[in-house]
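Each residue of the sequence shown is one higher than the last, beginning at 191 in the numbering used here. Ideal Cβ positions, reconstructed from N, Cα and C, are used throughout, including at glycine. Some notes on the structure that comes next.
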Amino acid sequence: MVEYFGEQLSGFAFTANGWVQSYGSRCVKPPIIYGDVSRPKPMTVFWSSTAQSMTKRPMKGMLTGPVTILNWSFVRNDQPRHETCYQIALAIKDEVEDLEKGGIGVIQIDEAALREGLPLRKAEHSFYLDWAVHSFRITNCGVQDSTQIHTHMCYSHFNDIIHSIIDMDADVITIENSRSDEKLLSVFREGVKYGAGIGPGVYDIHSPRIPSTDEIADRVNKMLAVLEQNILWVNPDCGLKTRKYTEVKPALKNMVDAAKLIRSQLSSAK
C-alpha cells in the first residue's frame with residue numbers, strides 16, 4: 191500500500207533489505223521520508239483509465255491516504271509530522287484530480303492506519319485527529335460533487351474516533367468486519383444522518399477459504415439488522431493481493447450472487 195506510491199513520489203528512499211514484519215509471515219519495507227514530498231507524474235491514472243475503458247461499469251481508483259503513508263514510513267524528524275503529512279496529502283490530491291479527469295468517478299483513498307497513529311498521551315489525541323482529518327480532506331477537496339470518495343479502515347476501535355471519521359466527509363467507508371460481530375457496526379449508526387455509506391467486510395481475505403453465497407447472504411442479513419439498507423455496501427474485508435486468482439474469483443462471484451439474492455428478497459418484501 192505504501193511502497194508502490196512511495197517509489198513514485200519525490201522525498202522517499204527505500205532500502206533493499208530493510209524488511210519489517212507486518213503480520214504472520216508477511217513483511218514490508220517501510221520507506222524513509224527524507225525530504226519534501228511531491229508527485230513528479232501520475233502514478234495510477236494509466237492503469238485505472240485503461241481498466242475503465244474496458245467496461246461500462248464504474249471503475250474505482252485506488253490510492254493510499256496521506257496519514258497511512260506517514261504512519262507506515264520512517265519519517266524525517268526535522269519538521270513536525272503533520273507538515274510532512276500535508277505534503278503527502280497535496281501529492282495525493284494531484285493524483286485524485288488526474289484520476290477524475292481520466293474518467294474515474296469513484297476514488298478510494300485508504301486510511302487503514304489512521305487510528306494506529308494516535309499518540310499515547312490522550313491529551314494529544316485531539317491535535318493528531320485534527321490534522322489527520324484535514325490531511326484526508328485535502329486529498330479530495332478539488333473534485334466535483336459527482337465524484338464519489340471512498341475510504342477504508344482496518345481493524346479499529348471506532349467508538350472514540352467516530353466524530354473524526356464523520357468529519358473526514360467520505361461518501362463511503364469500508365471496514366474490516368468479518369471477524370467481528372455486528373456490535374462493531376452500531377457505532378456507525380451515528381453516521382446515518384450524514385448520508386455516509388458503510389461497507390463492512392463480509393468475508394475474511396486473510397484466509398484461503400472460499401465463503402458460500404448463503405454464508406455471505408446470512409452475514410448481510412445480520413448487518414441489515416443494525417444498518418439501514420440504503421447505506422449498506424457489500425464488499426470483502428480488504429484488498430485481495432494476498433490471495434490467488436483461484437481463491438479470488440469464486441469468492442467474489444459468491445459475494446455478488448449474495449448481494450443479488452438480498453436485493454431480490456428486499457424487493458419482494460416491499
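Cβ-Cβ separation between I421 and A386: approximately 7 Å, consistent with a contact (criterion under 8 Å). Residue pairing by DSSP places L422 opposite I388 in a beta bridge. Of all C-beta pairs linking the region 193-201 to the region 242-251, fewer than three are shorter than 8 Å, placing the two stretches out of contact. When DSSP states are grouped into helix, strand and coil, V296 belongs to the strand group. Cβ-Cβ separation between V416 and S376: approximately 6 Å, consistent with a contact (criterion under 8 Å). Within the region 402-456, the complete alpha helix (DSSP H) runs of at least 4 residues fall at 403-414. Within the model, the alpha-carbon separation for F378 versus I355 is close to 10 Å.
Listed as beta-bridge partners of T341 by DSSP are I363. Contact check between the region 284-301 and the region 214-227: fewer than three CB pairs, one atom from each, fall below 8 Å, which does not count as touching.
The beta carbons of I395 and L442 sit no closer together than 8 Å.
The closest CA to that of T403, considering only Q419, E418, K439 and A360, is found on K439.
Counting along the chain, no beta strand (DSSP E) covers C275; the unbroken alpha helix (DSSP H) around it starts and ends at R271 to K291.
Contiguous alpha helix (DSSP H) elements confined to the region 192-255 occur at 193-196 and 235-243, taking only those with 4 or more residues. DSSP places W321 inside the alpha helix (DSSP H), whose first and last residues are H315 to T329. Within a 10 Å sphere around the beta-carbon of N330 sit 16 or more other beta-carbons, which makes this residue buried. Its chain contains Y393, A441 and N444 as the residues whose beta carbon lies nearer than 7 Å to that of P401, once the 5 sequence neighbours on both sides are disregarded; these appear in chain order. Beta-bridge pairing by DSSP links V265 to I223.
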